[in-house]
Structure formats: C-alpha cells, structure tokens
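Structure first, commentary second.
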Amino acid sequence: MKIVISFLLVLTGVYSVHVKTLLDTTYTDGAGNNVTLSDLSGKYIGLYFSASWCPDCQAYTPELVKLYNQIHEDKNWQIIWVTEDHNEPDADEYFKEMPWIRLPWDQIATRGESMFKLTKQLFIPSMTMIDPTYKVINPEASLAIEYQPDDFPWAKRCLAYFA
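Residue numbers (numbering that gives the first Met the number 0): 0 to 162.
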C-alpha cells in the first residue's frame, strides 16, 4: 500500500511540473495587455474550454462571468480561456464577453490542444481547476461551479484522475 501511495505522490508531483510547463506562456487580457505565468503566481487557475458556436457555452459563459466577477479577487482566481472556435474572428468576438485572460490564437492548435488533452476533456464547456502549486485539483469542475458556486476551488474529492 505504501508503494501505491508513494507512486501517486510522485505522479502528482510530475503532473504538476508538466502543468506548469504547459501554462508557461504569455496570455492576453481584454485590453490586449500581456499576462505571464509569473503574474499568476499564487493564484488558482481555471482553464476554461469553450467556443462561440457551442449553445451550451453560450448559456454557461454569462453565468461564469457573473460568478467570476463576484469572487475572483477575494479567492485569488484567474481564468484562462482556451477557445475551441474554428476561426480567429469568431474567437475574438466571443472573447469580448469575458473578463479574464486568453491563450493567444496562434497557440490554440499546439498548446491549447495539449491543455485539452492533458486535462482529459471530452466536451465543452469545461473548466479545469489548478491550485497555486500547479496541481490539477479538478479536471472537470464545470458542474461543480454551476451547482455549488460556494465550494471554491471546487477540488475533486479523490485522486483517480491523476492515473
């Protein structure tokens, strides 16, 4: 049993290093300002995968914006939007509704796809929560955010998703 626990601890540490490396890029906010990973130091990070063409995303995003605006400063939370849009103009237009930062369009096919795969996403909209030490604490927090908004940071109660 000790071997299994040790393995899980090592695995989660390796996983957090990989997450940090994947997140280490320059993002942009709605005003076009650059935001780096060092600017996000000590924050909880939500990777938000959505697209303008997705009806569920169109319904979820405004509710997420409301919650984010209410709690992001007190909870030290930043969302990084990773678009699943098919073209840059649609992504740019949709991003105007969002108060957080985004992965630049030129990194969507590479880094964005890697983020989607790393967090084992299967659908959109989806949100992956990452703690300040860059450990994924919930690979699919969307429903928890929607139905349990007071449970920030919406950590999953088991480690099964690290395997």
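For every residue, glycine included, the Cβ atom is placed at its ideal position computed from N, Cα and C. Remember, predicted model here, so these are calculated numbers, not experimental data.
Nearest to residue i (by Cα), restricted to the options the options
{"i": "Phe48", "options": "Thr25, Glu96, Lys95 and Arg101", "result": "Arg101"}
{"i": "Ala30", "options": "Pro131, Asp91 and Thr118", "result": "Asp91"}
{"i": "Gln69", "options": "Pro148, Gln120 and Met128", "result": "Pro148"}
{"i": "Ser40", "options": "Ala50, Thr132 and Pro124", "result": "Thr132"}
{"i": "Thr127", "options": "Trp104, Ala108, Asp105 and Phe151", "result": "Phe151"}
{"i": "Pro167", "options": "Phe122, Ile79 and Gln120", "result": "In the structure as shown, the chain begins at 0 and stops at 162. Residue 167 is therefore absent and cannot be evaluated."}
{"i": "Thr60", "options": "Phe94, Ile129 and Ile107", "result": "Phe94"}
{"i": "Ala108", "options": "Asp84, Ser125 and Gln77", "result": "Asp84"}
{"i": "Ala58", "options": "Ser125, Ala154 and Asp130", "result": "Ser125"}
Buried versus exposed, by CB contacts within 10 Å (16 or more), residue i
{"i": "Gly111", "result": "buried"}
{"i": "Asn137", "result": "buried"}
{"i": "Tyr146", "result": "exposed"}
{"i": "Ser141", "result": "buried"}
{"i": "Met0", "result": "A caution first: Met0 carries a pLDDT of 44, below 50, which makes its placement in the model unreliable, though a value can still be read off. It counts as exposed."}
{"i": "Val9", "result": "For Val9, the pLDDT reaches just 38, beneath the cut-off of 50, and the residue's location in the model is therefore unreliable, although a value from the coordinates is still provided. Flag for Val9 reads exposed."}
Under the three-state DSSP convention, the category residue i falls into
{"i": "Tyr47", "result": "strand"}
{"i": "Gly12", "result": "Model confidence at Gly12 stands at a pLDDT of 40, short of 50, so the residue's coordinates are unreliable and nothing is read from them."}
{"i": "Thr27", "result": "strand"}
{"i": "Thr35", "result": "strand"}
{"i": "Asn137", "result": "strand"}
{"i": "Gln180", "result": "Residue coverage of the chain in this structure runs from 0 to 162, which leaves residue 180 outside it and unanswerable."}
{"i": "Lys42", "result": "coil"}
{"i": "Lys65", "result": "helix"}
{"i": "Cys53", "result": "coil"}
{"i": "Pro152", "result": "coil"}
{"i": "Thr60", "result": "helix"}
{"i": "Thr237", "result": "Here the chain has residues from 0 to 162 only, and residue 237 is not among them."}
Cβ-Cβ distance between residue i and residue j below 9 Å
{"i": "Leu46", "j": "Ser113", "result": "no"}
{"i": "Val135", "j": "Val34", "result": "no"}
{"i": "Tyr43", "j": "Asn86", "result": "no"}
{"i": "Glu139", "j": "Lys119", "result": "yes"}
{"i": "Ala50", "j": "Thr82", "result": "yes"}
{"i": "Ile144", "j": "Leu63", "result": "yes"}
{"i": "Leu36", "j": "Asp23", "result": "yes"}
{"i": "Asp105", "j": "Trp52", "result": "no"}
Item to complete: Within the stretch 80-130, note down every full beta strand (DSSP E) run reaching 3 residues or more, in order along the chain.
Response: 125-129
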